[in-house]
Structure formats: structure tokens, C-alpha cells
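A short write-up of the structure that comes next.
Numbering (the numbering used here), first residue to last: 1 to 217.
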């Protein structure tokens, strides 16, 4: 029997769109409901902090692999995994910065394991944040590459908009809808999706009026 796997929520988006803040606020909200939720941190950020620079082209694949490894490991140990990006973002930046599209195939395959994809909107102001921030001018092309990849693989996603609490509420609504899916499926299997009971359903004469006999020729 295959081991149980946690629900994976992938948060992707261009730089300075609140991904890291969002996943940490979501995990607090979910834990507040008594759920076993964990954040998977961004391997690219850890690389930049450790090396004091952004990665070279030949280092991108290793970072993408590490991101996917972290997500898989967390999904094997926790009920809900909030991934602060996936390998897809590494593939997108490798494409945008180096013109290298070779990482998409594996990254898209890895990303497909996510149960929900949240795409952070560009409606937040750009804020500088160390080595990972290239400038506000890269956000639109990166957002376009993300959307193109998701469309190419037929991956559905929810766009998260708003500021502060509204952004968290928007994301939480999508997560809640995902978590309630098994219950909706069970209810659908248990009976018809709708039932109408007439207050006079025990009145045979009433039924005769509803379904009159055909007139004799």
C-alpha cells in the first residue's frame, strides 16, 4: 500500500508579490484550525544567502531538484504542505535570465504533483530584497512565463489578489475549497444533488393533478 501523501499547495509568482509572507500567514491560519501544516522554504533564497550571489546557469537544475525534494519530503510527513515556490519558478527564471528552456520538462512534471496552485498577483508594489530582486520591470515577463507554463500543462490555478489580510483571505478561500473537496465528493455519491419534497407529497389526488391522464380519443 502506498504511503499517504499530504496535500500540497504551491505558491508561485513573480518577485515581490508576497509569496513568502503569504505562505507563513497561511500556515499560521491553518494551524490555528488544528491542522498539521508546514511551510517548505525557497531553495533559491537559501542558495543566495549561503553563496552571497545568484546562481549560474549550470547551478539552476540542482536548485530545482532541491526544491522538489523538499516538497516531497514534507508531503510525506505532514497533512498540508505550503510550498514557497516550486521547481517551476527555477525553470521560469532560467528561461528569462539565461534563455535556457531545458528545465521546464522536469519542473512541470514535479509541479504537477501539487494539489493547488496559487499565483500571486502583481498588484503589490515592488520592494527591493537583496540578491533575488532584479527590479519591477521583470515582473510582467516572469508572470507571463508562469502563466504560459501552467496553460501548456493544463494546470489550473487561483490568482491571489489584495493587500494584507484580504490577500490571505483570498488565498485561504481557495485552500479551504480544496480541503473540502472530499466532503463534497462524498455528498455527491450519497444521493442526488437536489431533492424537492412537496408539502402535499402524500396526497394522491394532488399527484393526479400534476400528471393528468391523457384524454380519451
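Every residue, glycine too, gets a C-beta built ideally from N, C-alpha and C.
> What is the DSSP secondary structure of residue 116, counted as helix, strand or coil?
Replying inline: strand
> Among residues of its own chain, excluding the 5 on either side of residue 238, which ones have a beta-carbon nearer than 7 Å to its beta-carbon?
Replying inline: Shown here, the chain extends from 1 to 217; a query on residue 238 therefore has no answer.
>> What ranges does the alpha helix (DSSP H) occupy inside the stretch 14–100, keeping only unbroken runs of at least 4 residues that lie completely in it?
In response: 19–32, 43–51, 60–75, 87–98
>> If the criterion is Cβ atoms closer than 8 Å, does the pair residue 116 and residue 26 meet it?
In response: no
> In terms of residues, what are the limits of the alpha helix (DSSP H) holding residue 160?
Replying inline: Here residue 160 belongs to no alpha helix (DSSP H); instead the beta strand (DSSP E) covers 158–160.
>> Output needed for residue 39: all residues of its chain with C-beta closer than 7 Å, excluding positions within five of it in sequence on either side, in chain order.
In response: 23, 24, 27, 82, 84
>> So, at 6 Å on beta carbons, what are the nonlocal neighbours of residue 62 in its own chain, with the 5 sequence-adjacent residues on each side left out?
In response: none
> What does a CB cutoff of less than 6 Å around residue 104 pick up in its chain, not counting 5 residues either side in sequence?
Replying inline: 91
> How many angstroms separate the CA atom of residue 164 from the CA atom of residue 95?
Replying inline: 31 Å
> Relative to the alpha-carbon of residue 137, which residue among 30, 155, 88, 15 has its alpha-carbon at the smallest distance?
Replying inline: 15
> Between the Cα of residue 149 and the Cα atoms of 141, 88, 11, 173, which residue gives the shortest distance?
Replying inline: 88
>> Just to confirm the assignment, what range does the beta strand (DSSP E) spanning residue 10 have?
In response: 7–12
>> Can you find the residues in the same chain that come closer than 7 Å, C-beta to C-beta, to residue 43, ignoring five residues on each side of it along the sequence?
In response: 63, 66, 67, 70
> For residue 121, does the three-state DSSP call read helix, strand or coil?
Replying inline: coil
>> Assuming contact is defined by CB atoms lying nearer than 8 Å, are residue 241 and residue 145 in contact in what I supplied?
In response: With the chain covering 1 to 217 only, the question about residue 241 has no answer from this structure.
>> Looking at the secondary structure, which residues open and close the alpha helix (DSSP H) in which residue 138 lies?
In response: That residue, residue 138, is in no alpha helix (DSSP H); it is neither H nor E in DSSP.
> If you follow the alpha helix (DSSP H) that residue 169 is part of, which residue opens it and which one closes it?
Replying inline: 165–179
> How should residue 110 be labelled, buried or exposed, when 16 other C-beta atoms within 10 angstroms of its C-beta is the threshold for buried?
Replying inline: buried
> Going by the beta-carbon positions, is the gap between residue 58 and residue 6 smaller than 8 Å?
Replying inline: no
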